[in-house]
């Protein structure tokens, strides 16, 4: 009541002569409204004072604090029996504030309130007031609000203030769970169960709960939350791990510093990315340092013992920081010494001891090899990250040996024909491994009942023999072995045959089961083993046609000559470096007619022009891949000279993309990039360096298949050192904006420089044929690249694609990905298209803190670790800028 600025106007009964509203000054000389009554001289007082309607506001138990003064009855003369020193507190619950009068019977008594301190008239004169404070609690749970009432039964009392309140357990955060402001229960002993909600960037470990006590205090919390991966608890909230730190799992205690050879560039990392050249296996925990594949095994030595080879080596010099280095496959391949037969993988009959795969030792014995055969053994060193890094042959060492002459293997099958009473004819196949020239065969046989106590020997130069002088109806056991210059091999397993009782022979493919028994150890029939078939495993390597003195020799070796009568030219579609480019049809006898592109060499050409013209066909003729332009053939026996290739309906990729700007999905664009990468991987596997990879040199067919073309570029830079901005081809200067820095500065063209060019092609594709570096001149491009500038992500470019571009543009060519790695990356993106949804807009806003759109300009912004590069081209300059 102390906060009410005007009159209280509570209901009093009786309206006169009972409670009176009076203004007084409190101890701070501030006016307040009070209610007083002092009818102590009259007996049987029943004076009621009722408050206004008080809304419950969700409270279930309210507290009434009453401050009052009370006069001591002893200080009042002549009031014996009528003066009281207490008053009564009542309450009444109600849904609405409609009750204008006091209905005593509807009120429920709370308590009789007595004063701890009373005053006398002398006290008042001395201005000493004895103020009493009493608190009572009331359970209010059935209506929206309630009234309080004070009953005077004959006291001299003044109500100085009445404060009504309820208790809550305040808003709090415990164990990373937020518990809201909670009203206490209805009973003094009740506990209100409250379920907490996890703070931002956290998840439940166990359902968070606390109990709100009647006194407004929270009891001990149960359960709680854990910060999400990438976040840790700081100050009762989950804060992102700072750059250079990470948190992999919610159960981890907090952010940890990135392990060696790894880093995190952004806040909130759940794992640290490995530095370039370092890797993490799938089974490695995030807390493990990034490691490298091992170097190659060292000092591989071999010892040949007839048809066995002992291989020993020492462990790699560099284990890559891991302890799981193994030698997973000491592979081998062999071929005949006396022929030009290619090496082929060893068959399953070759034995490796202790094994061939996953060796943890540095020694292996290889046996059951062929005699007098050349073998190459390759020992690979691998660890847990070899596969992740794409490391293969670089971590291997090989040795070549030739096995010695050895005795032949046993004969595996014997057949008997022309069986009579006293003779039969035997024949057999050459041993699976003759191990040299078979000089003769030896046949040992005896009666089965004799059990080799008495046997006979026959020798023959052929693979058959007629055995005579046998007894009728007798079972004989036969063994056959072969001899080479190295000696006899082992006898074959026993084969049993029975002579006949009939004087006439059984002629045919053999004898029936009543007379002929073929068995190995007495059981079953032995089948002939199919001969060994070698497999060509050699990788095709590109041959430079310029190494031939006679260019015609190269063209006829790598390209097919086509009869000019098979070609029907329909229209001119462009001009090439050496002459016209036409489209037409090619019909070769026995094949269906196909559409082709025809390049012709214009009249008046020089010998050099002729050689350069045909060299492109000699190069194309060596390639066979779905993403490389296919050479159909050449015409060299009449004029004009022609190169015939497959026809690509949609022409060059850059013009095609500009024509269809914005019409393809990201997946379609990635599919185009994958085709180009697949073709370039094929070329790099053949050790061919393209040197002029650009969207203008990619052709597109009607099915949107992209194929690499234009193999006629000169392979050297112009000797003039002043021409650092360009290099020359027969067609003139080619812009350096597709060329790697080392190729410009040092004329160092490698597959890695082709990878740089591929990154530019990626940028062209995603930007729908935009010119790289826009209108910057060559010198500005060279300078910008030298200073670390790289092309920014085109509009709506997925972050992963731009990152792949940046990887291709690494200054150190050894840090650039291979085409095999690029192809694997694109395949993963195609299999997981969700990774392509995030574009780079947010990344650039973080760098620039602003976003500017100027319709008539081009704005390029890129960020490195230390600089922000901004390049603006305004053509024309907007008047409003």
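Numbering (UniProt numbering), first residue to last: 1 to 881.
No residue lacks a Cβ here, since even glycine has one placed at the ideal position from N, Cα and C.
Contact between residue 259 and residue 289 holds, since their C-beta atoms are separated by about 4 Å, short of 8 Å. By the 16-neighbour rule on beta-carbons within 10 angstroms, residue 346 is buried. Residue 784: not part of any beta strand (DSSP E); member of the alpha helix (DSSP H) spanning 778 to 786, first to last residue. Assignment of residue 139 by DSSP, reduced to helix, strand and coil, places it in the strand class. Taken atom to atom, the span from the alpha-carbon of residue 625 to that of residue 710 is near 15 Å. Classified as buried, residue 364 has 16 or more neighbouring CB atoms from the shown chains inside 10 Å of its CB. Between the beta-carbon of residue 583 and that of residue 573 there is about 5 Å, and that keeps the pair under the 8 Å contact cut. Its Cα nearest to that of residue 246, the residue 266 stands out among 266, 234 and 160. Residue environment analysis places residue 152 among the buried positions, since at least 16 neighbouring C-beta atoms fall within 10 angstroms of its C-beta. The stretch 656 to 676 and the stretch 606 to 621 do not touch, with fewer than three beta-carbon pairs separated by less than 8 Å.
Collapsing the DSSP output to three states places residue 660 in coil.
No Cβ-Cβ contact shorter than 9 Å links residue 37 with residue 162. Residue 707 is classed as buried because its beta carbon has at least 16 other beta carbons within 10 Å across all chains shown. By the neighbour-count definition (other C-beta atoms within 10 Å, threshold 16), residue 83 is a buried residue. Residue 167 counts as buried, since no fewer than 16 other beta carbons sit within 10 angstroms of its beta carbon. Per DSSP, the beta bridge partners of residue 33 are 23. For residue 740, same chain residues with a beta-carbon under 6 Å away, outside a window of 5 residues either side, are 753 and 756 in chain order. Nearest in C-alpha terms to residue 374, of all of 412, 314 and 307, is 307.
Short of 6 Å from the beta carbon of residue 581, and not among the five residues preceding or following it, lie these beta carbons of its own chain, in chain order: 573, 574 and 599. The alpha-carbon separation between residue 79 and residue 41 amounts to approximately 6 Å. Residue 191 places its beta carbon 9 Å or farther from that of residue 171. In the displayed model, residue 545 falls within a helix according to three-state DSSP. DSSP places residue 620 in the uninterrupted alpha helix (DSSP H) bounded by 607 to 620.
Taking a contact as a CB-CB distance under 8 Å, the pair residue 372 and residue 435 counts as one, their CB atoms being some 7 Å apart. A check of alpha carbon separations from residue 376 across 403, 131, 819 and 680 identifies 403 as the nearest. With respect to the C-alpha of residue 100, the residue from 13, 157 and 397 having the closest C-alpha is 13.
With 16 or more other CB atoms across the displayed protein chains lying within 10 angstroms of its CB, residue 633 is buried. Listed in chain order, the non-local C-beta contacts of residue 473 below 8 Å within the same chain comprise 421, 498, 499, 500 and 501, local neighbours out to five positions each way being set aside. 578 is the residue among 354, 578, 838 and 156 whose C-alpha sits nearest the C-alpha of residue 605.
Going by DSSP, residue 305 is part of the beta strand (DSSP E) stretching over 298 to 305. When C-beta atoms of the stretch 82 to 98 are compared with those of the stretch 198 to 205, fewer than three pairs fall below 8 Å, so the two segments do not count as touching.
Residue burial annotation: residue 654 is buried, with at least 16 other C-beta atoms found within 10 angstroms of its C-beta. Under the three-state reduction of DSSP, residue 592 is assigned to coil, being neither helix nor strand. Below 8 Å, too few C-beta pairs join the stretch 808 to 816 and the stretch 768 to 778 to call them touching: fewer than three. If you check the CB distance, residue 459 and residue 410 do not come in under 9 Å. In this structure, DSSP gives residue 413 a state outside helix and strand, which the three-state scheme calls coil.
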